[in-house]
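Chain order of the listed sequences is A and B. First residue of the first sequence? That's 1 in this note's numbering, and the numbers climb one at a time after it. First residue of the second sequence? That's 575 in this note's numbering, and the numbers climb one at a time after it. Note that the Cβ used here is the ideal one computed from N, Cα and C, for glycine as well. Note that this is a predicted model, so its numbers are computed, not measured. Just below is one structure, and these are the notes that go with it.
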Amino acid sequence: MPNFYTDTPQFKHYLQHPLMKRIVELRERNYADAEKYDYAPMDFEDAMDSYDKVLEVVGEICGEIIEPNSEEVDHTGPTLSNGRVTYAPQTQDNIDALNKAELMGMGLPRRFGGLNFPMVPYMMSADIVSRADASFQNIWMLQDCGETIYEFADESQREKYLPRIVKGQTMSMDLTEPDAGSDLQAVMLKATYNEAEKQWYLNGVKRFITNGDADIHLVLARSEEGTKDARGLSMFIYDKNSGGVTVRRIENKMGIKGAPTCELVFKNAKAELVGTRRMGLIKYVMSLMNGARLGIMAQSVGISEAATREAYNYAIERRQFGKAIIEFPAVYEMLSNMRAKTDASRSMLYETCRFVDMYKTLEDISRERKLTPEEKDELKYYSRLADAFTPLGKGMTSEYANQNAYDSIQVHGGSGFMKDYKCERLYRDARITNIYEGTTQLQVVAAIRHVTTGTYLQRIREYEAMPVSPELESLKRTLSKMAQMYEKLVEIVTSPKDEEYLDFHARRLVECAGHIIMGHLLLQDANADPEMFRRSAEVYIHYGQTEVIKNYNFVTKSRIEDMAYYKPDLNENA
Amino acid sequence: MTFNIIVLAKQVPDTRNVGKDAMKADGTVNRAALPAIFNPEDLNALEQALEIKDQYPGSKITVLTMGPGRAADILREGLFRGADDGVLLTDRAFAGADTLATSYALSMAIRKIGNFDIIISGRQAIDGDTAQVGPQVAEKLGIPQITYAEEILNIGNGKVRVKRRLENGVEIVESPLPAVVTVNGSARACRPRNAKLLQKYKHAKTITERQNENIDYIDIYSSRPYLNLTEWSVVDVDADVKQCGLSGSPTKVKKIENVVFQAKESKRLTDNDYDIEELVKELIENHMIG
């Protein structure tokens, strides 16, 4: 019986990270819930044991139900009739299984029925679910909207909606419109307030809405008439029970076909305002998107894991020229790179989760009591790191998911091009990860200021100060050399003080930071558990070094004037 | 309307994933080399019980198992999935029991639990494959039995209606309660362990476990009584020692043969209908399938 948690020992390794003790202590408010809830942990060891045991259930459901269902889900997909979406029957089976196991609302506090899990074990579940079926991970992961309700809605809204989410009601985040994709400031869906009824109404169209026929929607809408920018947007909760929203079409997508992507028509749909007017995009959606980006990182890692395993298993079985193809250097190099990128992605995911856990939990505590000065410093420190690591990690891991899915097909050769093998679905599923919740290009836009302000470099220095065993010293020296090149690159690109020049090289700089940081993370992993991580650390750092040198050469061997050759001539008649 | 349900469950070696160490040289099962699991069809039985409870909230499910101390795992597994209580029947005097002695011991424990509406168990255990214990328990208790059940269709007004999966079709039968129902592997799979119940009951222990193990949380067993798993011996269930264990087991193993399958010859078939039909006929004749 396959278990996607126990067959991947990396999870236990990340669960045992030293920072977990502090995270769990904060999250559990010194284990005060144990008095009130029979399922709350009594101390740190008890909490860790619970995470381990619950993840084992997640791994079992994924291995025995969700993964075996995934092919059929991909083929059948959701259907639309009379403005309502019906999931593929197997998708519904998956939802039922997770509901029966009460694995919805994992991150929500117990007073609303949640499991109060920190991000680390919560995202491990997302990682495991994605390996089983990336399209299902979308539907399941949207429970994250509950976090936004918890954070920004008032207590009566929390009491109204959060227990429903815990009971398995599905969610969606309705942001994109036909003319507002990456640029959400252009959202036009209209929210009008009826003074007499004391009621908000929504009118307009939303497009590309994942799980758009959900029970509970978070909707970004223009509440301030006459405005055109972000400051006129507010966030609303739409409850499907109140009616007024129909699904006009389900998109026919390349991948993640099990998750319905919908066009929605709002006609006088009753809605509730969340938090303060005008803060919709500026504050709430930004927070929602950061959570969603972490979810896509987990989705990317899950796809990478699946792609790597599919390729490995095939390469061991497939024989050509009298031996298994895994014995050929051209194949085993590919496989090692896939494993290294997968491990690096996972290490990046949980490092980011720890930062998010630290600052979000402290932020939550600050609503209950005044933080101590040390806690305030902690909050600031981790909040900045989370802000820096989320776009970097989302960008890097989603690109790796694509590369791994691509290479997985390559290892399969001609068979991989056929519909008969899972790798072709992984390839299609991976393709969206570096597009939605912000394309890689937009992740770079979010990440570049942490290049220029030095957040990444400062963190790299902290990694450099962490001791490693003598046999890993040479890897560490390699990383130091990479950091020197990175520093020099930042200097070269920022010194002309030319915004466009910086934008032109931004991705190269961000990627260099990514390679060095992920290299350090694997180095630390290898230091703690050489048997599990040494190979990946060696392979990844070699790979990363080559990439850093490549980027270094690109920047240093070209002049700022060369940008002109890339720039479109918009006056020319095409 | 609520029901008191007893689920009979057995901890078995996982014979589905047999490695090379699965059998000892003398031909007996090497239990140490195989992971101990909840007998698969007993899980199907538990699911049937849980569905009754879903439909009639307030119904009570008690999982009863007989075995060594570690069989308490089965009780916890039951609690994680939604059972309310668990009883471990354990005693050196129960050791070496055949199906007759086992069903005697179980029937005595069931009498002690008392006040039950229905007893549900798996059709058979994967280690012995006898399918005798359920029916024998019914005989010992003098109540009706329905075997090969695939689904309990409805229960109430002193009756239970069951769909049976038979060799050549299905049959729907009705029986007065209380009754024993043994469930087929074709019945719905058991629901997964529940994350909250898992965290609630993970520290549940029998008295022996609490005495023998280094327990981290001593206080909780008095403040949370549901964490104390019931453990009964021969004396606790008023059983006659002579009818228990080896002394109560008329079954004697005459000889154990170690059969090793070896591929001596191969046969090449095409994918035409004739070849396939011939192969199927041959397999039926050899009793490979049927």
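What does residue i reach in chain B if we use C-beta pairs closer than 9 angstroms?
i         : result
Met123(A) : Within 9 angstroms Cβ-Cβ: nothing; Met123(A) doesn't reach chain B, min ~16 angstroms.
Val57(A)  : Phe654, Pro766, Arg767, Asn768, Ala769 and Leu772
Ser576(A) : Because chain A here runs from 1 to 574, residue 576(A) falls outside it and cannot be looked at.
Ser336(A) : Here the premise fails: no neighbours, minimum Cβ distance about 29 angstroms.
Taking all protein chains shown into account, do 16 or more other C-beta atoms lie within 10 angstroms of the C-beta of residue i, making it buried, or fewer, making it exposed?
i         : result
Val331(A) : buried
Ser366(A) : exposed
Ser347(A) : buried
Met74(A)  : Checking the displayed sequence, the identity of residue 74(A) turns out to be Asp instead of Met. Buried, because 16 or more other Cβ atoms sit within 10 Å of the Cβ of Asp74(A).
Tyr456(A) : buried
Ser681(B) : buried
Lys376(A) : exposed
Gln137(A) : buried
Ser536(A) : buried
Phe690(B) : buried
Pro2(A)   : exposed
Tyr678(B) : buried
Val834(B) : exposed
Asn613(B) : buried
Gly291(A) : buried
Arg477(A) : exposed
Ser125(A) : buried
Glu147(A) : buried
Leu472(A) : buried
Gly593(B) : exposed
Going by DSSP, what residues sit across from residue i in a beta bridge?
i         : result
Asn578(B) : Lys634(B)
Cys262(A) : Ile209(A) and Ile250(A)
Thr673(B) : Looking at the DSSP assignment, Thr673(B) forms no beta bridge with any residue, so it has no partner.
Met235(A) : Leu220(A) and Val274(A)
Thr575(A) : As shown, chain A starts at 1 and ends at 574. That puts residue 575(A) outside it, with no answer to give.
Ser749(B) : Val734(B)
Ser695(B) : Leu582(B) and Thr756(B)
Val808(B) : Per DSSP, none; premise fails for Val808(B).
Arg739(B) : Val744(B)
Asn194(A) : Gln199(A)
Val661(B) : Leu638(B) and Thr804(B)
Pro824(B) : According to DSSP, which records beta bridges pairwise, Pro824(B) is partnered with nothing at all.
Can you list the residues of chain A that residue i reaches, using a CB-CB cut of under 7 angstroms?
i         : result
Ala712(B) : Here the premise fails: no neighbours, minimum Cβ distance about 30 angstroms.
For a contact defined as C-beta to C-beta under 8 angstroms, what are the partners of residue i on chain A?
i         : result
Arg765(B) : Ala97, Lys100 and Ala101
Arg798(B) : Asp38
Taking Cβ-Cβ distances shorter than 7 angstroms, what residues in chain B pair up with residue i?
i         : result
Cys115(A) : Reading off the sequence shown, one finds Leu at residue 115(A), where the question assumed Cys. The answer, in chain order, is Ala769.
In chain B, which residues lie with their C-beta within 8 angstroms of the C-beta of residue i?
i        : result
Lys53(A) : Leu772, Gln773 and Lys776
Ser50(A) : Leu772, Gln773 and Lys776
(Q) If the cut-off is 7 angstroms on Cβ atoms, which residues from the region 61-85 of chain A count as contacting chain B, listed in chain order? (A) Ile61
Q. Is the region 623-633 of chain B touching the region 659-669 of chain B in the sense that three or more CB pairs, one from each, lie closer than 8 angstroms?
A. no
Q | Interface residues of the region 770-792 of chain B facing chain A [CB-CB below 8 angstroms] | A | Lys770, Leu771, Leu772, Gln773, Lys774, Lys776, Asp790 and Tyr791
Q: Could you please tell me which residues of the region 649-667 of chain B, in chain order, have their CB closer than 8 angstroms to any CB of chain A?
A: none
Q: Determine contact between the region 191-206 of chain A and the region 220-228 of chain A, defined as no fewer than three beta-carbon pairs at a distance below 8 angstroms.
A: yes
Q. Listed from N- to C-terminal order along the chain, which residues in the region 406-417 of chain A have their beta-carbon within a distance smaller than 8 angstroms of any beta-carbon of chain B?
A. none
Q. Given a limit of 7 angstroms on CB to CB distance, which residues of the region 18-42 of chain A reach chain B?
A. Asp38, Tyr39 and Met42
**Q.** Residues, ordered as in the chain, of the region 126-145 of chain A that lie near chain B by beta-carbon distance below 7 angstroms
**A.** none
Q: Spell out a yes or no on whether the region 299-307 of chain A and the region 500-517 of chain A are touching, meaning 3 or more CB-CB pairs, one atom from each, closer than 8 angstroms.
A: no
(Q) Quick check: the region 152-171 of chain A against the region 260-279 of chain A, are at least 3 beta-carbon pairs closer than 8 angstroms? (A) yes
Q.
Is it the case that the region 767-782 of chain B contacts the region 94-112 of chain A, given that we only count it when at least three CB pairs across the two stretches are under 8 angstroms?
A. yes
(Q) Below 8 angstroms, how does it come out for the region 553-566 of chain A and the region 515-523 of chain A: are there three or more Cβ pairs, yes or no? (A) no
Q) With contact counted as at least three CB pairs below 8 angstroms, one residue from each stretch, are the region 641-657 of chain B and the region 577-597 of chain B in contact? A) yes
Q. Does the pairing of the region 435-452 of chain A with the region 307-321 of chain A give three or more beta-carbon distances under 8 angstroms?
A. no
Q | Contact between the region 162-178 of chain A and the region 322-342 of chain A (3+ Cβ pairs under 8 angstroms) | A | no
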